[in-house]
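Numbering (the numbering used here), first residue to last: -14 to 760.
Cβ atoms here follow ideal geometry from the backbone N, Cα and C, with glycine treated the same way.
Only one structure is covered here, and it is reproduced in the block below.
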Ligand code: MOS
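Listed below in structure tokens is the structure:
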């Protein structure tokens, strides 16, 4: 942080992905593409009832099928010493939080040091189902594993397993399912589930206008293009896992704990992950099951989930029912805000969707209540998904704000400006940086918002009703401890390593740029590597915190290596820099020189050659400092949307979205823009398309494929106009980056819903906004 920021030739540039050629040529190796000799193939057998017990699994036909090596069931599965037990057997939340506080999600062994004030701590312990018992918690739960010499043989044999159950009544109705009171540990920090400020009832009584509505969001599944998969290989009691994951160290710690083996006996590799969106933040059943299967057959084993198995066993966004009550004075000033959210969880874990968290910090109001509750159902466990909390919560809050603007006959942007929070109203702390006002102004201008006529149905175009809506976006700026090692090579190139992940965001590229600038090298001469637990430990790629966390470590390691070079030069009588003042030395383009006299200098390579010819290396552990306690750190933005709704048929089209966001320093203008576009596309999916249907009697995931679970395709996406408001935030991370990604989805669904209201006069409070709701 104390490092003066010199000229930064690479950071911020729209550099193309360094891994682009690997990806377009197919040379990028994803976990399931790992080639190991003698590899066998595992397929999961899943339950077909939502609740009860496995009475018997008849595996005789499967075992006789061609190529079958093993059929593992609850009856013959090995007992795993550290297998977690379902929620009913878990410790009370208080105790659990103390033990796990500050750890990455999914990580729950003695491995610590991943947390930090701004980090996202662990949710309650992930409870994968590992055939340790005969209990069935949901329809689709892994209850068996078939291993064969080919994938096709394994698939065929899995079909031959006959299961009889002792079925029990299932809880599948959110309206009547049991509450899980007091047992939820908040997944986004040490924040209470419930907060109160002032007196909401009094604030409502004083209000000139009130709105009070319930908003609902459906079960969603992440559906990254690449299904979850693991290749497991044992060498004695040492295990290597090639995994499609957002967190190699989370995988390592959980697997070591569950199998009861030392941490150092587990190595996890992941060089490319084909999307995760939260569903690959920690280990689900298949990771341990692949290791179990590999041990059973004495061969490496590859386990790839089918698309159908992506619904249930690997998390999803839970349903939410949210009630938002707002009161405002005639001038728009909020006199009261109440936001309560109920979300669904499984009978395995208590995972809470933190929908009302953003409401605590977003607007100024003297009277505020937020609360969260859980309903426990026989469904797969929910988890983090695409801005968990903010994406669902801002749909409710920002829709309600729009309804309030209508009630007050006030412009929606003016209403939000009126209630702008200059300080964090929850903690009372100043924001480390905030450019939300500028985002409203810039977004409105680029969109043409002043040309909007406020009356619903007032902007039609032939058969299409045109609607313009907007909403606020926000997401926390998180940072976790991270480590990196940088090595400057004798030939004047360098590499930097950090055990992070590339989940498609551009981490390889942005980290190359950060390292290049800090080293004083052009990015072509820097190689950044990630994805191996033999590298310095990094947090999972979750919570949009990789840029700030891993980026800070990469920067600091590179600076430390460069400083070693500088010291070498200052002490070397043969160097043109001998005896110079350290503060006068600059590094650029692989050369050290004096700021005061650029002609006095030499290349890294020449300096190293004269000084033994050995690489110069530095390793650092980077941690957030006291500024994390002193400032409230969040990104903000404003999203403006145009929709067209067909008068007769009710289809909704989104021809354009304009967003302006303040996200600290943008490390790469191209990949950051791509992330915002993708975030908006997620928002279009959330608003209009995505919904997982669960059969109300059998708990079966009904639309468990990409033909029936709709995600936006190109035809669903119009123009997305991305702007960043530049922020120079000296507190948020060593490189000034807050992180991008998840903020892109926040506010989008409300912006679309508000535009649909403006187009049609119909307020849809239940996502997704399908045409049946508009007819
Ligand atoms: Mo994200 S939902 O933190 O992977």
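Alpha carbons only, please: which of 457, 455, 550, 187 is nearest the one belonging to residue 311? Residue 311 sits at position 326 when you count from the first residue of the chain shown. Of the candidates 457, 455, 550, 187, the residue whose Cα lies closest to the Cα of residue 311 is 187.
Leaving out the 5 sequence neighbours to the left and right, which residues in its chain are closer than 7 angstroms to residue 270 when beta-carbon positions are compared? For the purposes of this step, residue 270 is identified with residue 285 of the chain shown, where counting begins at 1. 113, 114, 115, 127, 298.
For residue 739, which three-state DSSP category applies? By one-based count along the chain shown, residue 739 stands at place 754. In this structure, residue 739 counts as helix in the three-state DSSP scheme.
Rounded to whole angstroms, what's the CA-CA distance from residue 793 to residue 26? Just pull it up for me. With the chain running from -14 to 760 in the structure shown, residue 793 is simply not present.
In the DSSP output, which residue or residues are listed as bridge partners for residue 29? On the chain shown, position 44 is the one that residue 29 refers to. Answer is 130, bridged to residue 29.
Closer than 7 angstroms: residue 527 CB and nearest the ligand MOS heavy atom: If you number the chain shown from 1, residue 527 lands on position 542. Yes.
Residue 693 lies in the alpha helix (DSSP H); which residues open and close that run? Counting from 1 along the chain shown, the entry for residue 693 is found at position 708. Neither: residue 693 is in no alpha helix (DSSP H) and is coded neither H nor E.
Element boundaries [alpha helix (DSSP H), containing residue 236]: Locating residue 236 in the chain shown gives position 251, counting from the first residue. Bounds of the alpha helix (DSSP H) holding residue 236 are 233 to 244.
Can you name, in chain order, every residue of its own chain whose Cβ lies under 8 angstroms from the Cβ of residue 722, other than the five neighbours on each side? Mapped onto the chain shown, residue 722 falls at position 737. The answer, listed in chain order, is 532, 533, 536, 648, 649, 650, 651, 652.
Could you check what DSSP says for residue 97 in three-state terms: helix, strand or coil? If you number the chain shown from 1, residue 97 lands on position 112. Per-residue confidence for residue 97 stands at a pLDDT of 32, beneath the threshold of 50, marking its modelled position as unreliable; no derived number is given.
Can you tell me whether residue 421 is buried or exposed? The criterion is at least 16 other CB atoms within 10 Å of its CB, across all chains shown. Stepping through the chain shown from its first residue, residue 421 is reached at position 436. Residue 421 comes out buried.
Consult DSSP for residue 79 and reduce its assignment to one of helix, strand or coil. Taking the chain shown and counting its residues from 1, one reaches residue 79 at position 94. Confidence at residue 79 is low in this model, with a pLDDT of 35, below 50, so its placement is unreliable and no value can be given for it.
Every unbroken beta strand (DSSP E) within the segment 604 to 674, with a cutoff of 3 residues, ordered by chain: The qualifying runs are 619 to 631, 637 to 647.
Exposed or buried, what is residue 615 when buried is set at 16 or more other beta-carbons lying within 10 Å of its beta-carbon? Sequence index remark: in the chain shown, residue 615 carries index 630 (1-based). Exposed.
Confirm the yes/no value for this check: CB of residue 610, any heavy atom of the ligand MOS, distance under 7 angstroms. Counted from its first residue, the chain shown places residue 610 at position 625. It does not: the Cβ of residue 610 is nowhere closer than 7 angstroms to a heavy atom of the ligand MOS.
Taking Cβ positions, are residue 643 and residue 484 nearer each other than 8 angstroms? Locating residue 643 in the chain shown gives position 658, counting from the first residue. Locating residue 484 in the chain shown gives position 499, counting from the first residue. Judged by their CB atoms, residue 643 and residue 484 are not nearer to each other than the 8 angstroms cut-off.
At least three beta-carbon pairs within less than 8 angstroms, the segment 232 to 248 to the segment 406 to 425: Short answer: they don't touch.
If you compare alpha carbons, which of 359, 184, 530, 751 is closest to residue 488? Within the chain shown, residue 488 is the residue found at index 503, counting from 1. Among 359, 184, 530, 751, the Cα nearest to that of residue 488 is on 530.
Around the Cβ of residue 84, are there at least 16 other Cβ atoms within 10 angstroms (buried) or fewer (exposed)? The residue given as residue 84 occupies position 99 in the chain shown. At residue 84, the pLDDT of 31 sits below 50, so the modelled position is not reliable and the matter cannot be decided from this model.
Residue span of the alpha helix (DSSP H) that contains residue 358, given as start and end: For the purposes of this step, residue 358 is taken as residue 373 along the chain shown, with counting starting at 1. In the DSSP assignment, residue 358 falls outside any alpha helix (DSSP H) and lies within the beta strand (DSSP E) extending over 353 to 361.
So what does DSSP say about residue 147, is it helix, strand or coil? The residue labelled residue 147 in the question sits at position 162 within the chain shown. Shown here, residue 147 sits in a strand according to DSSP, grouped into three states.
Given this structure, state the Cα-to-Cα distance separating residue 267 from residue 461, to the nearest angstrom. For this step, residue 267 is matched to residue 282 along the chain shown. For this step, residue 461 is matched to residue 476 along the chain shown. Cα to Cα, the separation comes out at about 20 angstroms.
Does the beta-carbon distance from residue 317 to residue 404 come in below 8 angstroms? Here residue 317 corresponds to residue number 332 of the chain shown, with the count starting at 1. Here residue 404 corresponds to residue number 419 of the chain shown, with the count starting at 1. For the pair residue 317 and residue 404, the CB atoms are nearer than the 8 angstroms cut-off.
Can you say whether residue 581 is buried or exposed, counting buried as having 16 or more other CB atoms within 10 angstroms of its CB? Taking the first residue of the chain shown as position 1, residue 581 is located at position 596. Classified as exposed, residue 581 has fewer than 16 neighbouring CB atoms from the shown chains inside 10 Å of its CB.
For the candidate residues 371, 433, 219, 210, whose alpha-carbon lies nearest to that of residue 706? One-based indexing of the chain shown puts residue 706 at position 721. Of all alpha-carbon atoms in 371, 433, 219, 210, the one lying nearest the alpha-carbon of residue 706 is that of 433.
Would you kindly work out how many angstroms separate the C-alpha atoms of residue 33 and residue 24, rounded to a whole number? Here residue 33 refers to the residue found at position 48 of the chain shown. Here residue 24 refers to the residue found at position 39 of the chain shown. If I take the Cα positions, the gap works out to 29 angstroms.
Return the bridge partner residues of residue 522 from the DSSP annotation. Walking along the chain shown from the start, residue 522 turns up at place 537. Paired residue(s): 484.
Roughly how many whole angstroms lie between the Cα atoms of residue 683 and residue 384? The residue labelled residue 683 in the question sits at position 698 within the chain shown. The residue labelled residue 384 in the question sits at position 399 within the chain shown. Annotation: residue 683 to residue 384 spans about 34 angstroms, alpha carbon to alpha carbon.
Where residue 226 and residue 465 are concerned, what is the direct C-alpha to C-alpha distance, given to the nearest angstrom? Along the chain shown, read from residue 1 onward, the residue named residue 226 stands at position 241. Along the chain shown, read from residue 1 onward, the residue named residue 465 stands at position 480. When rounded, the distance between both Cα atoms is 24 angstroms.
Hey, how far is the Cα of residue 279 from the Cα of residue 218? As a position in the chain shown, residue 279 is number 294, starting the count at 1. As a position in the chain shown, residue 218 is number 233, starting the count at 1. Taking the straight line joining both Cα atoms gives about 6 angstroms.
Simplified DSSP assignment, three categories, for residue 685: Residue mapping note: residue 685 aligns to position 700 of the chain shown, counting from 1. Coil, per DSSP.
Comparing C-alpha positions only, which one of 733, 204, 395, 379 sits nearest to residue 325? As a first step, residue 325 is located in the chain shown; it is residue number 340 there, counting from the start. Residue nearest to residue 325 within the set 733, 204, 395, 379 is 379 (criterion: CA-CA distance).
Is the beta carbon of residue 486 within less than 7 angstroms of some heavy atom of the ligand MOS? Taking the first residue of the chain shown as position 1, residue 486 is located at position 501. No.
Just confirm the distance between the C-beta atoms of residue 125 and residue 146, as a whole number of angstroms; I'd bet it's less than 8 angstroms. Taking the first residue of the chain shown as 1, we reach residue 125 at position 140. Taking the first residue of the chain shown as 1, we reach residue 146 at position 161. The pair is not a contact, with the Cβ atoms about 15 angstroms apart (cut-off 8 angstroms).
Determine the direct distance from the alpha carbon of residue 189 to that of residue 351, and round the result to whole angstroms. By one-based count along the chain shown, residue 351 stands at place 366. By one-based count along the chain shown, residue 189 stands at place 204. Cα-Cα distance, rounded: 11 angstroms.
Selection from 259, 319, 726 that minimises the alpha carbon distance to residue 528: Against the chain shown, residue 528 aligns to sequence position 543. With distances taken between Cα atoms, residue 528 lies closest to 726.
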